[in-house]
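**Student:** Mapping to the UniProt record's numbering: the sequence shown position 84 is 84, numbers consecutive. No residue lacks a Cβ here, since even glycine has one placed at the ideal position from N, Cα and C. Predicted model only: the values in this text are computed from it and were never measured. For reference, the structure I am asking about is given below.
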Amino acid sequence: MPLTLRLRTLKLIGRRMPVELRDEVYREMVLLRRRMPDVDGSVACSVDGLVIAGDMAGSVEQTGALSSALLALSRRMTGLIGKGALEETLISGTNGYAAFYAAGPKIVLAVTARPGTNLGLLRLEGRRTAANLAAIGERMSATTRPSTTQ
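Following this line, the structure appears as structure tokens:
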């Protein structure tokens, strides 16, 4: 991804996440693409749809907003039908796939992949990246919590 696009994307995110953590999120997304060459993009956003980082061409902001809405609906559906906690939502289209992961309670990861992608590997690597993003989100929460000691 060109540096100018990366910097532009990072300016769009929520103001409370420290830049170092946003950079870590972005690095995880780049590592995902390196581990899975069939991945052609990813977006991490907050559960309210604000983009944290994007490693994709196209409308990053709209992808983030729709990803958070889709994840919320998927969580409600799995609860309604009694299938436990949501792990992922997978969409199959004629031109490839989109997978959506809850990366902890506050981050959504959307991953797009080309047709013919090994879905087992996509699921494995998507969950791995989501777990790494959840850990980053937890560190973010720890740095923004008010101190209880005086």
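1) Would you check if the stretch 84-101 and the stretch 45-58 touch, i.e. whether three or more CB-CB distances between them fall below 8 Å?
2) Which full runs of the beta strand (DSSP E) of 3+ residues lie inside the stretch 50-136, going along the chain?
3) Between A110 and G84, what straight-line distance do the alpha-carbon atoms span, to the nearest angstrom?
4) According to DSSP, which residues form a beta bridge with A44?
5) Any chance the stretch 28-40 sits against the stretch 123-141, with 3 or more Cβ pairs inside 8 Å?
6) Out of curiosity, what's the CA-to-CA distance linking L80 and G104?
**Tutor:** In short:
1) no
2) Restricting attention to beta strand (DSSP E) runs no shorter than 3 residues, the stretch 50-136 encloses them at 51-55, 88-93, 96-103 and 107-113, ordered along the chain.
3) The straight-line gap from Cα to Cα measures roughly 21 Å.
4) Within the DSSP secondary-structure output, A44 pairs in a beta bridge with A53 and L109.
5) yes
6) 20 Å
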